[in-house]
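Following the working numbering, the numbering of the sequence shown begins with 20 at its first residue and continues without gaps. Everything below concerns the one structure shown next.
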Amino acid sequence: MRIFRGGSAVAVAALALGLIVAPSASATVSSATTVEELPFAVDSSNQAAWWNPLDVVGETTFFAFNAPAAQAARHEVHLASRSADGAWTEGCLRASAQTACVTFVDDNGHNQPSIVVDGDGIIHAFVSMHNEQWNYFRSDTAGDVRTMVDRTATMPDLDVDITYPVTARGADGDAWVLVRTGTDADGAREGVLYRYDRAAGAWTRETSIAAAKGYSFYPDDLEVSPDGRVHVLWEWGPFPADPARHLGSYAVYDPATGSLTDAAGATLVAPITPATAGSVVWRPFVPGESIRSYTPAVQSAKLALDGSALAGVAYRFVEADRSAYDAHFARWDGSGWVDEKVLDTAALGDGVATSAAVDVTRAGTTTRLYTVVTAQVCGEVRSRAVVAERDDAASSWIFAGIGESRLGQQRLRVQTRSTDDADVVYLSVPAAAPARLARAVVPRDAAVGPATSLSALVTDLRDDPGGVNVALGATATASSSLRSDTGPSLAVDGVCTDASRWISAAGDSTPWISVDFAAAALHEVRVRSGYSADTGSAAVLRSFEVQVHTAAGWTSIGSVAGNTQRLVSIPATGAVADGVRLLISDPSASTTDVARVFEIEAIAVD
């Protein structure tokens, strides 16, 4: 959570730039969450969880995102600002003023932008660095996203490879960035903190936070408290790298003294290592876990401050021999780390997980944990952003959804607005067609809502219309099959995976499939088709007719042309039938033009 409060000189400077809008004493704020889709093109590579593409200064919101480039497998980096009146302004990163937008190689989960606005309103952007030397851009004009130009040559350590920049603004208006640096001679990747001194107008290397031979440092979050101390959050992985991380850690750096302390305030010797004694590790090893284990493991974490004290850490953790990460909250109670599981994916059913997105905020007497819940829905992943809130006077968390459920995983970042303590949420939906980016605002004048249960959120996410499927396990025949393991029986087995589909033969231009079952009055027929690896619509059934077999013979109940949806429902209006068949005139829009059907469901009237 980042709240720009700063000193009086900083506030005056920002007010003069129009970056902070002082709240009216009579202003009222709606307690309803609002979601606004940005009017800009977004690239499908705009996905990660440990970057910081969001900054909020007063009523002004700054977003950074990957935008499409003309070349394949490349993207531009754009910044957009939203003023207090709701107007958006967009600009891209340029080598110099008036030149073309710079492009970068796609590297999903790595080449993401991090930004920070300093106390003078100057925007700093760190982009596209996955073990690469600095790519640093800065605005020529305060608050103007259209004036971002390359200032890499002004950075220190130009010969060092950089990854995972996370940023923060200090109470004095200086800017900070925490990164993982490249391999050193001892076989380590260390965490290094850099500072932008506004008075000098320059970045300097501040200190090495942590390093150890045989280990890699993974930055998670960075916050500067009102007293000027820098709060650092990270994880450890094996050298040189690994998708699963461990030993979630926290320390506080005091630039006034150049010293590091742990959660208990004890002085630490820099650089910190995994073996450093003290209250550094908030997620120690559990039985069966090691620095090289794939599970159990930590992946992504964020911290929130309550004034100058740590309010807590939100993070994702996967237990042994599981694939789904749960959402946890850890806090320092004055004598030790207290950990709780806020979102238990195993309790929510098969196929439920969280995506690599988590954040936490603190304001007044409430703590909020944000994450994204995902569910497998017949061969595709659907997701919903979720907020969990707990007031200090309450013993349990309350939950609410944010925005709509979306195809594919979502990513998020959250920052608390200083003017009213509302949370501004950055929501990226990279798997949508086209990819999307949205801004949500979750006020704090009332509890989050409408409050609901996690199970209800998952039910809504699955979009299961219910009913009894009389076609389940029935006899199915088809005109052809691509292979022996893609036969028609797989379209009525109740399993929605790529390994359980009827797929027609490649030469069958007008395939059909028929299902026979005990006679029943039907409410509707559902057809689920496609391929989970295809995030678009090319693999779904394109054009087909649905027929039911009644006492009068085969009767059409509906036709579909030019379909782009994975789930198609055709009303049956109570027809008593003992069979369903699909007559397919256009199998798909994909290069391999075959029919791909996960399931055919004949739903009986209740």
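In this text, a Cβ means the ideal position worked out from N, Cα and C, and glycines have one as well. Since the model is a prediction, treat every value here as computed from it, not as a measurement.
- Cβ-Cβ distance between residue 202 and residue 179 below 7 Å: No, the pair does not count as a contact, with Cβ atoms beyond the cut-off.
Under three-state DSSP, which class holds residue 474?
-> Here residue 474 sits in helix by DSSP.
- For residue 210, does the count of other Cβ atoms within 10 angstroms reach 16, so buried, or fall short, so exposed? Classification for residue 210: buried.
Three CB pairs or more closer than 8 Å across the region 124-137 and the region 91-103:
Segments in contact, yes.
*Apart from the five residues just before and just after residue 454, which ones in its own chain have a Cβ nearer than 7 Å to its Cβ?*
The beta carbon of residue 454 sits closer than 7 Å to those of 61, 62, 63, 65, 448, all from its chain and outside the five residues before and after it, given in chain order.
DSSP beta-bridge partners for residue 9? Because the chain in this structure spans residues 20 to 625, residue 9 falls outside the shown range and cannot be described.
### Task
For residue 597, collect the residues of the same chain with a Cβ closer than 7 Å to its Cβ; drop the 5 residues on either side in sequence, then sort them by chain order.
Counting only Cβ-Cβ distances below 7 Å, and skipping sequence neighbours, we find 535, 536, 537, 538, 568.
query = CB residue 227 to CB residue 256, shorter than 7 Å?
reply = Their beta carbons are not under 7 Å apart, which means residue 227 does not touch residue 256 by this criterion.
Inset, instruction - Let me know the secondary structure DSSP gives residue 287 once reduced to three states. - result: Note: residue 287 maps to strand in three-state DSSP.
Subject >> Euclidean distance between Cα positions of residue 548 and residue 379 >> reply: If you draw a straight line from the Cα of residue 548 to the Cα of residue 379, it comes to about 38 Å.
**Request:** For the region 310-324 and the region 237-248, state whether three or more C-beta atom pairs, one from each stretch, are separated by less than 8 Å.
**Result:** By the Cβ test, the region 310-324 is in contact with the region 237-248, since at least three Cβ pairs between them sit closer than 8 Å.
Can you look up residue 592 in the DSSP assignment and give me helix, strand or coil?
When DSSP states are grouped into helix, strand and coil, residue 592 belongs to the coil group.
Boundaries of the beta strand (DSSP E) in which residue 318 is found, first to last residue: Annotation: the continuous beta strand (DSSP E) that includes residue 318 extends over 316-325.
Margin query: DSSP has residue 568 in a bridge; who is on the other side?
Written below: 573, 598.
Exercise. Measuring from the CB of residue 422, is there a heavy atom of the ligand GTP at a distance below 6 Å?
Worked result: In the structure shown, the ligand GTP is absent, as is every other ligand, since no ligand is present at all.
With a Cβ-Cβ cutoff of 7 Å, do residue 511 and residue 490 count as a contact? In contact: residue 511 and residue 490 (Cβ atoms closer than 7 Å).
Self-check item: Which of helix, strand or coil DSSP assigns to residue 507
Solution: In the three-state DSSP reduction, residue 507 falls in the helix class (H, G or I).
*Extent of the continuous beta strand (DSSP E) run through residue 209*: No beta strand (DSSP E) contains residue 209, which DSSP labels as neither H nor E.
Under the DSSP definition of a beta bridge, which residues are partnered with residue 195? Answer by DSSP bridge pairing, in chain order: 187, 214.
| task | Reducing DSSP to helix, strand and coil, say where residue 47 ends up. | result | Reliability fails at residue 47, whose pLDDT of 33 lies under 50, so the model's placement of it is uncertain and no value is given.
Problem set entry | Residues near residue 302 in its chain [Cβ-Cβ closer than 6 Å; skip 5 each side] | Answer for residue 302: 267, 317, listed in chain order.
Task: Length-filtered (3 minimum) beta strand (DSSP E) runs lying within the region 52-118 - done: Qualifying beta strand (DSSP E) stretches, in chain order: 53-56, 73-76, 79-87, 93-101, 107-111.
### Task
Return the Cβ separation of residue 237 and residue 251 in integer angstroms, given the expectation that the two are a contact with Cβ distance under 8 Å.
Not quite, the Cβ-Cβ distance comes to about 12 Å (not below 8 Å), so this is no contact.
**Asked** Across which residues does DSSP place residue 151 in a beta bridge pair?
**Response** 181, per the DSSP bridge assignment.
Practice prompt. With a floor of 4 residues, list each alpha helix (DSSP H) that falls wholly inside the region 427-505, ordered by position along the chain.
Written response: Secondary structure remark: continuous alpha helix (DSSP H) runs of at least 4 residues inside the region 427-505, in chain order: 473-481.
For residue 485, tell me which candidate among 543, 402, 297, 270 has the shortest Cα-Cα distance. Residue 485 has its Cα closest to that of 543, out of 543, 402, 297, 270.
**Prompt:** Ordered along the chain, which non-local residues of its own chain (more than five positions away) have a Cβ less than 8 Å from that of residue 144?
**Reply:** For residue 144, where only same-chain residues beyond five positions count, the Cβ hits under 8 Å are 83, 96, 98, 112, 132, 133, 134, 155, 156, 157, 167.
When the Cα atoms are used, what is the spatial distance from residue 42 to residue 54?
Its pLDDT being 32, under 50, residue 42 is placed unreliably in this model, and the value from its coordinates should be taken loosely. Computed Cα separation, rounded: 21 Å.
Report yes if the C-beta distance between residue 207 and residue 230 is below 7 Å; otherwise report no.
In this structure, residue 207 places its C-beta atom within 7 Å of the C-beta atom of residue 230.
Point to revise | For residue 313: DSSP bridge partner residues | key: Residue 313 is not bridged to any residue.
| message | Can you tell me whether residue 628 is buried or exposed? The criterion is at least 16 other CB atoms within 10 Å of its CB, across all chains shown. | response | Given that the chain is displayed from residue 20 to residue 625, the structure contains no residue 628 and the question cannot be resolved.
Just curious, the beta strand (DSSP E) that residue 334 is in, first and last residue?
For residue 334, the enclosing beta strand (DSSP E) covers residues 328-337.
Does the count of Cβ pairs from the region 465-480 and the region 409-429 closer than 8 Å reach three?
-> The region 465-480 is in contact with the region 409-429.
### Query
Can you check whether the CB of residue 169 is closer than 7 Å to the CB of residue 114?
Against a cut-off of 7 Å, the Cβ pair of residue 169 and residue 114 comes out as a contact.
- prompt: Exposed or buried, which one is residue 501 when buried takes at least 16 other CB atoms within 10 Å?
  reply: With 16 or more other Cβ atoms from the protein chains shown falling within 10 Å of its own Cβ, residue 501 counts as buried.
Buried versus exposed, by CB contacts within 10 Å (16 or more), residue 443 | Buried.
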